[in-house]
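>
Numbering (my numbering), first residue to last: 105 to 340.
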């Protein structure tokens with residue numbers, strides 16, 4: 105398992121199975137695992153790891169990376185995933201979203217949005233931030249919703265791993281155009297960053313990693329911090 109900065113300079117953060125066991129004990133609401141090299145290496149997600157991870161966590165598990173077909177989705181769901189994250193495939197073949205939604209239900213289909221701000225415009229990327237796309241973020245959001253996506257998972261490439269706060273403008277941009285839940289990732293470094301995002305953007309949920317891997321923080325503390333600021337969190 106690794107964590108990087110702006111989708112590069114990755115650092116080893118330990119064993120994913122052990123991490124799943126720890127997060128399960130710390131009352132996280134959901135785990136998101138992305139096999140970041142699967143698409144670029146033209147392979148499917150490592151099923152053995154996913155199967156082992158699913159045995160350690162008793163909360164929803166969203167898995168992405170290398171998903172290019174309904175068969176690939178079924179393979180992940182059969183081996184413990186509750187949701188499938190499609191990012192590159194959603195850009196290359198948006199109809200896959202519809203096929204997956206028809207087969208498994210929209211609640212299983214999460215569309216990943218890997219985004220960077222370039223010259224004042226939000227630009228979509230695929231292949232773990234390696235390939236830039238011309239389609240506008242507005243249009244892609246509309247297409248994915250029309251195809252039956254159940255959630256959006258925003259990952260700000262600019263903020264990823266820097267622990268200086270979420271890209272609040274990006275989150276608002278997506279939330280204002282989305283009629284489905286939006287999860288935001290990239291930038292959490294303090295619990296106040298979570299409070300700011302929840303209170304100012306309308307985001308449905310927040311994802312984070314570095315704040316736990318590289319600091320003396322954990323999900324239990326985050327939960328109580330948010331409660332103290334009057335934010336409703338899932339009861340456990």
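C-beta: ideal position from N, C-alpha, C; glycine also.
Looking only at C-alpha atoms, which of 313, 332, 331, 335 sits nearest to residue 124?
313
> Answer yes or no: do residue 357 and residue 272 have a C-beta to C-beta separation smaller than 8 Å?
Residue 357 lies beyond the stretch modelled for the chain, which goes from 105 to 340, so this question has no answer here.
> Where DSSP assigns a beta bridge to residue 211, which residues make up the other side?
In DSSP, residue 211 forms no bridge with anything.
> Give the secondary structure of residue 248 by DSSP, where H, G and I count as helix, E and B as strand, and everything else as coil.
Helix at residue 248.
> Considering only residues of the same chain and omitting the five flanking positions on each side of residue 157, which have a CB-CB separation below 8 Å?
The answer, listed in chain order, is 120, 121, 124, 135, 137, 165, 184.
> Taking the alpha-carbon positions, what's the residue 210 to residue 252 distance?
6 Å
> Leaving out the 5 sequence neighbours to the left and right, which residues in its chain are closer than 7 Å to residue 202 when beta-carbon positions are compared?
251, 252
> Hey, could you find the ends of the beta strand (DSSP E) residue 259 is sitting in?
255-260
> Nearest by alpha-carbon distance to residue 267: which of 128, 316, 247 is it?
316
> Give the C-beta separation of residue 193 and residue 171 to the nearest angstrom, bearing in mind that I take them to be a contact with Cβ-Cβ under 8 Å.
6 Å
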